[in-house]
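Novice:
There are 2 protein chains.
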Amino acid sequence: MSIQEIGAQLVALCNAGKDHEAVDQLYDEKIVSIEGQGSEEMPARMEGIEAIRGKHTWWYDNNEVHETKAFGPYCGHRDDQFIVRHWMDITPKQSGERLQMDEVALYTVKNGKIVQEEFLYSMG
Amino acid sequence: MSIQEIGAQLVALCNAGKDHEAVDQLYDEKIVSIEGQGSEEMPARMEGIEAIRGKHTWWYDNNEVHETKAFGPYCGHRDDQFIVRHWMDITPKQSGERLQMDEVALYTVKNGKIVQEEFLYSMG
């Protein structure tokens, strides 16, 4: 699959609420996931598909998700990277304060699988 | 300046219609600009601030710009990269067909100046 096809599948699965399937189908076993900041419970950098599945479970356990939308993929000159914009309307259970998040993720692909995802957050 | 400050200035200048000033103030003399595709007239990869000024002039000469919006900056774990989303409502003079473009640009910063911009286009 081209990065455009992989990206389009990722967007479609996210928009269908099937991000678990996206991990199963599109992610490499050695996936590296990098957030801007981490905590002791959830480090910024996590490696391996089981860690990423655990991260997803943690996220759904800790947030009430009202709506999510994925936009893209955005593709450029590189045949191993694409970007997806993720928009979320959530209520973190700890604060109870509903908020909207606007972020982008830069995905790196190797041998037809996503091997890295880096998240960047709107500061605007 | 932090990448967050550089990104915020870039977004503010773009939204004020002052992208020429953004180049003057924020770009390195040796800026590299990479589009997804190029032509003989406008190669995908251009180097140097004078080439980028020429590219901007060419773009405004060849498109009627109805509206542009910049969103972000989006910042993550790296202290040398940020992303901005650019939305444009334009009519290319050659086709005369009005269209909206949704793209993101990945900027790389070195010594406080933008040294590379890579454009990725929405395929969604």
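Residue numbers (the working numbering), protein chains in the order written: chain C, 1 to 124; chain A, 125 to 248.
Think of the CB as a built atom: it goes at the ideal place given N, C-alpha and C, for glycine as much as any other residue.
Everything numeric in this text was worked out from a predicted model, so none of it was measured.
Is there a Cβ of chain B sitting closer than 8 Å to that of A:PRO197, yes or no?
Specialist: No chain B appears in this structure, whose protein chains are C and A.
Novice: Assign A:ASN186 to one of three DSSP states: helix, strand, or coil.
Specialist: Within the second sequence, residue 186 of chain A is the residue found at index 62, counting from 1. Looking at A:ASN186 - three-state DSSP - the assignment turns out to be helix.
Novice: Can you look up C:GLU35 in the DSSP assignment and give me helix, strand or coil?
Specialist: Numbered from its first residue, the first sequence carries residue 35 of chain C at position 35. Here C:GLU35 sits in coil by DSSP.
Novice: When you compare only the Cα positions, how much space is there between C:ARG53 and A:GLY172?
Specialist: Mapped onto the first sequence, residue 53 of chain C falls at position 53. Mapped onto the second sequence, residue 172 of chain A falls at position 48. For C:ARG53 and A:GLY172, the distance between alpha carbons rounds to 44 Å.
Novice: Can you list, in chain order, the residues of its chain whose CB lies under 8 Å from that of C:LYS30, leaving out five sequence neighbours each side?
Specialist: Residue numbering aside, residue 30 of chain C sits at position 30 when the first sequence is read from its first letter. Answer for C:LYS30: GLU47, GLY48, ILE49 and VAL115, listed in chain order.
Novice: Tell me, which residues are paired with A:ILE238 by DSSP?
Specialist: Here the question's residue 238 of chain A lines up with position 114 in the second sequence. Per DSSP, A:TYR151 and A:VAL233.
Novice: Could you tell me whether any Cβ in chain A is nearer than 8 Å to the Cβ of C:ALA22?
Specialist: The residue labelled residue 22 of chain C in the question sits at position 22 within the first sequence. No, no contact with chain A.
Novice: Taking buried to mean at least 16 other C-beta atoms within 10 Å of its own C-beta, is C:GLY76 buried or exposed?
Specialist: By one-based count along the first sequence, residue 76 of chain C stands at place 76. When all chains shown are included, C:GLY76 counts as buried.
Novice: Using C-beta distances below 6 Å, list every residue in its chain close to A:LEU108, excluding the 5 sequence neighbours before and after it, in chain order.
Specialist: With chain A represented from 125 up to 248, any question about residue 108 of chain A goes unanswered, as that position is not in the structure.
Novice: Taking 6 Å as the limit between beta carbons, can you name the residues of its chain near A:CYS138, skipping five residues before and five after?
Specialist: Position 14 of the second sequence, counting from 1, holds the residue named residue 138 of chain A. Here the set comprises ALA194.
Novice: Does the beta carbon of C:SER122 sit closer than 8 Å to a beta carbon anywhere in chain A?
Specialist: Against the first sequence, residue 122 of chain C aligns to sequence position 122. So yes, C:SER122 belongs to the interface.
Novice: Go ahead and pull the three-state DSSP assignment for A:ALA168.
Specialist: Start at 1 with the first residue of the second sequence, and residue 168 of chain A comes out as number 44. A:ALA168: coil per DSSP, three-state reduction.
Novice: Might you give, ordered along the chain, the residues of its own chain that have their beta carbon closer than 8 Å to the beta carbon of A:ALA132, omitting 5 neighbours on each side?
Specialist: As a working mapping, residue 132 of chain A is identified with position 8 in the second sequence. Counting only Cβ-Cβ distances below 8 Å, and skipping sequence neighbours, we find PRO197.
Novice: C:GLU67: which of C:ASP28, C:GLN100, C:ASP80 and C:GLU41 sits nearest, CA to CA?
Specialist: As a first step, residue 67 of chain C must be located in the first sequence, where it is residue number 67. Nearest C-alpha to C:GLU67: C:GLN100.
Novice: Thinking C-alpha only, which one of A:ASP203, A:ASP152 and A:LYS179 is nearest A:GLU164?
Specialist: Counting from 1 along the second sequence, the entry for residue 164 of chain A is found at position 40. With distances taken between Cα atoms, A:GLU164 lies closest to A:LYS179.
Novice: Beta-carbon separation of A:SER246 and A:GLU227 under 8 Å?
Specialist: Stepping through the second sequence from its first residue, residue 246 of chain A is reached at position 122. Stepping through the second sequence from its first residue, residue 227 of chain A is reached at position 103. Taking 8 Å as the Cβ cut-off, A:SER246 and A:GLU227 qualify as a contacting pair.
Novice: For C:ALA16, which of helix, strand or coil comes out of DSSP?
Specialist: Sequence index remark: in the first sequence, residue 16 of chain C carries index 16 (1-based). Coil, per DSSP.
Novice: At a Cβ threshold of 8 Å, is C:ALA44 touching chain A?
Specialist: Numbered from its first residue, the first sequence carries residue 44 of chain C at position 44. Yes, its Cβ sits closer than 8 Å to a Cβ of chain A.
Novice: In chain A, which residues lie less than 8 Å from C:GLY36 when you measure between Cβ atoms?
Specialist: Here the question's residue 36 of chain C lines up with position 36 in the first sequence. By Cβ distance, chain A contributes CYS199, GLY200 and HIS201.
Novice: Please confirm whether C:GLY124 and A:VAL233 have their CB atoms less than 8 Å apart.
Specialist: Your numbering for residue 124 of chain C matches position 124 in the first sequence. Your numbering for residue 233 of chain A matches position 109 in the second sequence. Not in contact: C:GLY124 and A:VAL233 (Cβ atoms no closer than 8 Å).
Novice: Taking Cβ positions only, does C:ALA16 come closer than 8 Å to chain A?
Specialist: Stepping through the first sequence from its first residue, residue 16 of chain C is reached at position 16. Chain A, which has no Cβ nearer than 8 Å to the Cβ of C:ALA16, makes this no.
Novice: With DSSP as the reference, identify every bridge partner of A:LEU209, one or two as the case may be.
Specialist: Indexing the second sequence from 1 puts residue 209 of chain A at position 85. Per the sequence shown, residue 209 of chain A should be read as Arg rather than Leu. A:ARG209 is bridged to A:PHE195 and A:VAL228.
Novice: Expressed to the nearest angstrom, what Euclidean distance is found between the alpha-carbon atoms of C:VAL65 and A:ILE127?
Specialist: Working through the first sequence from its first residue, we reach residue 65 of chain C at position 65. Working through the second sequence from its first residue, we reach residue 127 of chain A at position 3. Those two C-alpha atoms are separated by around 30 Å.
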